[in-house]
Each structure stands twice: as structure tokens, then as C-alpha cells.
DNA sequence: CAAATTCTTTGATCCAGATCAACCTGATGC
DNA sequence: GCATCAGGTTGATCTGGATCAAAGAATTTG
């Protein structure tokens, strides 16, 4: 889990920091792909990609939240990744994916055809390098999540989730206050991300609220009242394991 | 989780397939690093790297098993990766790691200094590409494990673990029979990998044995008697989600 | 605005797996 | 050979979260 958002620069043509595609949008690599860019939108709940689909497009999330998830034979599912604005779908050399991608909220994607994108990657070493960096970030995040799923209590899972979400969110434009943030996911979706049930998620949220660690007015708007207490509840040690 | 072992070729100089460093050892990229290569061995239980350590070396596992693990403040730990022979430690651009690496059995590593290795990566596009591929394989494996940790029952976890282990192992030289294999990990280590306790691991192993799915003579030697039943017990659907 | 629908909360009960506690078994050393 | 010790098994009990159930909000629809 990374604290710092990458120092990505806003692409001149695009209402989004292309965190994944390009950490230095000012270098204009992506301009080579201008004209091949299309926006697609998906309604909350809609599938974006199914497991096994051919990846015709790669895409940046412009707005909204999407989720990567895996399902067992009998229907139990587990989210294995969250895609927030600036996150990227698609990797060089991978024409298929092994998970479903679903719109968690209404989502806008900025899509590029796979072919020219791969050519760009091949021709531009530092873009390739940047994509490697991002894959490794995802790997780190996945491993943090493995620790959470394997060993944390329900309370610790919720606290970790809130902390992660605030960190990924609170520099964004839509941040309404210091540690206030919008929670665009339902209890059920959060449960799927944390390996819990929705009832347990609800109970733990309310217990953190009762203890004055967080508070929420509107059901979608949270404030972290006591950041230190929240961190304490995560079970992580002091620095939270951040590398960069 | 990948079924197929990569078609890596044995390096002329090295008693190991350099699965990670080089899928085409016959192209001799690694020969550029000859002379910088050192072997290091670690006794079972010994730490290899601590979280936060600077990575002076990158390394291939030649023999034995090592584990990546993460620890909570109060000592609970979770393995977040297994390193079997031919697996690789160290990524281009990452000078530090965010987990501990420990020898699970006695381990031999083939180490290269980080600096010349990174230069090799920079100068050799298809090695860089290969490393990206491997990072993505690890990411896939991590996500499979997230599903396991978050949603599978103890029985399903054990069955999945055995299946994974057989698949990663049974083409190796040391494989004694068709589906017979050596289990170099203790119940405790397996528990740490699966997010269980050692007692539960023991009970589930014995219950699978009682049902005739597996059998074991020596405590370290297992045979999968009924592969179909084993797969059935994993909770995964038919093809197990393999991409390549 | 009422009705329908989708989320959320809250309570009661249950159970898979953790925890606690012996005891067993095989390997290593002296 | 016996002692020690690290791992493994097996049983009894406990408990965190799941499951089942029902009753509130909020939001959407007509």
C-alpha cells in the first residue's frame, strides 16, 4: 500500500492524471495515441470485463470505482483489487485477464486500443519501466491484502480499509474536508473486499463510530475523527509498511 | 497460479533453470554476469532478508524453499509468497522489500550483484520483458491466494495448497513417482501460508488421507491418490483459472 | 406522495476453526 | 541405549464472525 500518490501530471488532453500510463505526461508520449482514445461509461453494477475476455482495450479509470473480483464454483466471491481514478487496466504482454472487472459505482474509462498501446510500450523504455513499477506497486498492495485477509480481525480489516481509502482519496479534488471523504461502496461491496459479511461490516463501522474514531453524517460521507486511534486499530506497526 | 512451468533452459554454467532471470538461457544474456555470481546457502529457519533491507543482491533459488512473510504488530504472521527452485528475488527499480524472506528448508541461492544485474536489464529489452511477465505471474498468484485467504474453507485451502504444490513440483528431477512428492514444509509453515493454525492443518491433512484422496508413508512423502477428488475439494471451477 | 426497491442496522443463534492441553513419534545427540 | 526435543496428532472447549431473521432508513419509480 502506497501512501504517496505518484507525482503524475495532468495530461493536457485528458481530465485525468494518467498515473499508470505515464508518470510524465508532460513528455507527451500519450500524444502518440491521440485519436485512438475513446471514453466509455458503465453504470454501477455493470460488468466491464469477464474473466477470460480478450483485452482489446487498455484503460485508465477517469471517474468512479471499479473492482477486480474472483469467484468460486459455488458463487462465493472475493474482490482482489480496487480501481480508483488514475488506476489502469491492462498489462503489456497480457491479452487476457483471470478475474472479472465490474463497475462498483458509475465509471468512466479512458480507453486505448491495445495494439498501438503495446507498440508505444515497446518503443518507449521509460513507459515500459513505469508500467513495471506499477505492477510492482500492485503486487505490494496485493501482499498487504493477503496479510489482512489471512490474519486480521474484522475490526482491523475495517480500520485498514478506511485508512487505505482515505490515503488513496484525500488529495483528490472531491475531498470535502481534512479527513472527510466519500464512501462510494455499499456494505456488501466492502464485505467482498475484506473477506467478511455485510452484517459484520455494518457492526464494525458502527462500533468505530460509537467509540468516536470515525463519524458519519450522510451515510455516504465519513470523517475520520481520530486518525491515531484508527491507525491503532489496524494492527499494523508504526509506519504501516510504506516503502515510498 | 500457473500450471505450466516456463520452458526455461538450463543455464550452461549453473545447476538451475533461470526461470526468472532468463527464459532463454541459451541466448546467454546471463553470461555477461559470469564472475559476479556467488552461491549462498542458508539453514532452515534462517532469515535471508529483513523487511526494509537494501537489496544488494538479486538471486535465483537453486535448491530448497524460502518464504516471503509479513508480520503484524503483535506477532501474527502471514506468508505472502513461496520461493521454490527457479524463483527469483529482486525486481528492477526496487532497492528495498516490504516483507521478510526466510529459509523454509535449507536453501541455496545463486546471487548476482544488483548493479550489474540492473544494467543487464536496462540493456536487454527481452530480459526486462521477461521480468515484467514474471511480476505479472506473481500478481496472478497473489490474487488467487487472496481468494483462498478470504473465502475458502480450511479443507479447500489444504486441497488448493496440495494441488499448487504438486503442479509446481512434479516435473522436477526429485519427483519420485507419478503424483508422489516431497513436502518440505512443517504443519506450522503451511498454516502460516494458508491463514490457519497448525492443528487445523493437521486435521485436514488427516481427513483427506482418511477419505483416500491422498496418502502418506513417511511424514514427508505424500501421494495424491485421487487427483479428481483433490481438485473437487479446492472449490475452484473446472479449469482452475489458468491463463497460460 | 405513496409504493417499491435497495441498503443498512440490529438481534438471536450457530458453527468452523481457534485455543488450550495432553500425548505420541521419530530424529539427534551423548 | 536413553534423553532430549522438534514436530505431529488428537481431544475438549471456546469464540469471532457467519447465518438467519426482521425491522428501519434512503432512494427511486410511477
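Protein chains in written order, with the working numbering: chain A, 1315 to 1558; chain B, 1315 to 1558.
A virtual CB, placed ideally from N, CA and C, is assigned to each residue, including glycine.
Which of helix, strand or coil DSSP assigns to residue 1318 (chain B): Model confidence at residue 1318 (chain B) stands at a pLDDT of 23, short of 50, so the residue's coordinates are unreliable; what they give is reported in the following sentence. Coil, per DSSP.
Let me check understanding here. Comparing Cα to Cα, which of B:1422, B:1352, B:1515, B:1521 lies closest to residue 1371 (chain B)? B:1352
Where residue 1364 (chain B) meets chain A, residues with beta-carbon distance less than 8 Å: None at all; the shortest Cβ gap to chain A is about 13 Å.
Span separating the alpha-carbon of residue 1358 (chain B) from that of residue 1401 (chain B): 17 Å
Determine the extent of the alpha helix (DSSP H) in which residue 1427 (chain A) is found, giving its start and end residues. No alpha helix (DSSP H) contains residue 1427 (chain A), which is instead part of the beta strand (DSSP E) from 1421–1427.
Does the Cβ of residue 1406 (chain A) have 16 or more other Cβ atoms within 10 Å, making it buried, or fewer, making it exposed? buried
Taking all protein chains shown into account, decide if residue 1439 (chain A) is buried (16 or more other Cβ within 10 angstroms of its Cβ) or exposed. exposed
Going along the chain, which residues of the stretch 1532–1550 of chain B sit with their C-beta nearer than 7 Å to a C-beta in chain A? 1549, 1550
Should residue 1542 (chain A) go down as buried or exposed, given a rule of 16 or more other Cβ atoms within 10 Å for buried? exposed
First and last residue of the uninterrupted beta strand (DSSP E) at residue 1409 (chain B): Element bounds for residue 1409 (chain B): n/a, residue is neither H nor E.
Could you tell me whether any non-hydrogen atom of the ligand COA is closer than 7 Å to the CB of residue 1480 (chain A)? The ligand content of the structure shown is nil, which means the ligand COA is not present either.
With a CB to CB cut of under 8 Å and the five nearest residues on each side skipped, what residues in its chain are close to residue 1387 (chain B)? none
For residue 1510 (chain B), name the three-state secondary structure that DSSP assigns. coil
Can you tell me the Cβ-Cβ gap for residue 1527 (chain A) and residue 1547 (chain A), rounded? I've got them flagged as a contact below 8 Å. 7 Å
Looking at C-alpha atoms only, which residue of A:1389, A:1551, A:1414 is the closest neighbour of residue 1397 (chain A)? A:1414
Unbroken alpha helix (DSSP H) run spanning residue 1480 (chain A), endpoints: 1468–1483
Quick check for students: name the residue ranges of the beta strand (DSSP E) that lie wholly in the stretch 1497–1541 of chain B, counting only runs of 3 or more. 1528–1530, 1535–1538
Output needed in chain order: residues of the stretch 1398–1421 of chain B with a Cβ under 7 Å from some Cβ in chain A. 1405, 1406, 1407, 1408, 1410, 1412, 1413
Mind checking if residue 1464 (chain A) is an interface residue toward chain B, Cβ cutoff 8 Å exclusive? yes
Decide if the stretch 1375–1383 of chain B is in contact with the stretch 1417–1428 of chain B; the criterion is three or more beta carbon pairs, one per stretch, under 8 Å apart. yes
Use the C-beta contact count for residue 1361 (chain A): other C-beta atoms within 10 angstroms, 16 or more gives buried, fewer gives exposed. exposed
Per DSSP, the bridge partner or partners of residue 1371 (chain B): B:1427
Could you pull out every residue in the same chain whose Cβ sits closer than 6 Å to the Cβ of residue 1522 (chain A), ignoring the five residues on either side in sequence? 1528
DSSP three-state assignment for residue 1350 (chain A), whether helix, strand or coil: coil
How far does the beta strand (DSSP E) with residue 1380 (chain A) in it extend, from its first residue to its last? 1380–1385
At a CB-CB cut-off below 8 Å, which residues of chain A make contact with residue 1447 (chain B)? 1407
8 Å is my cut-off, CB to CB: does residue 1380 (chain A) come that close to chain B? no
Report the option in B:1404, B:1412, B:1474 whose CA atom is closest to the CA atom of residue 1427 (chain B). B:1404
Using DSSP with H/G/I as helix, E/B as strand and the rest coil, what is residue 1445 (chain B)? helix
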